[in-house]
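Undergrad: Numbering (our numbering), first residue to last: -10 to 147. Idealized CB from N, CA, C, for every residue including glycine.
(1) If distances are taken between C-alpha atoms only, which option among 24, 143, 18 and 44 comes closest to residue 119?
(2) Tell me the residue span of the alpha helix (DSSP H) that contains residue 114.
(3) Provide the residue span of the beta strand (DSSP E) that contains residue 96, from first to last.
(4) If we count the other Cβ atoms within 10 Å of its Cβ and call it buried at 16 or more, is residue 149 buried or exposed?
(5) Which whole-angstrom value is the C-beta distance of residue 87 and residue 58, which I expect to be below 8 Å?
(6) How many whole angstroms separate the CB atoms of residue 13 and residue 78, which I take to be in contact at a CB cut-off of 8 Å?
(7) Residues bridged to residue 53 by DSSP?
(8) Rounded C-beta distance between residue 82 and residue 49? I'm assuming under 8 Å.
In structure tokens, the structure reads:
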């Protein structure tokens, strides 16, 4: 079974597969995944497409459904350095989203990629619709942030 399927002339996302196969959504029930997806936007990026640039407003956070995204930052010599290569289930852009600040790095699709994007407006609508699902989503984001902080601490201690 495929993650995407056609329903008439419209492409749909199989929330059952997403709930089982995508690590971000693995703690959600299928119905909760459907509610979440209805409050955000799914966008397709071709290989090499820029998701956002350093300095852009942090208006959304992204969850990778399929594909890969590189997070890039210019080093002191002016060359782009790969900070991370992220795949399905990975989240990015959450720092700027949470703090309403500008992007601290650039994000580029490494190959054809589908991203789920949720803005603060979408998050507010989700909260009004289901506090339980919003709490689950925020808990997942907190876990990811703590894991990344732990990895950074280990790197800095070496």
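TA: So, from the data block:
(1) 24
(2) 109 to 118
(3) 95 to 98
(4) The structure shown does not extend to residue 149, since the chain spans only -10 to 147, so no value can be given for it.
(5) About 19 Å; that fails the 8 Å criterion.
(6) 5 Å
(7) 104
(8) 6 Å
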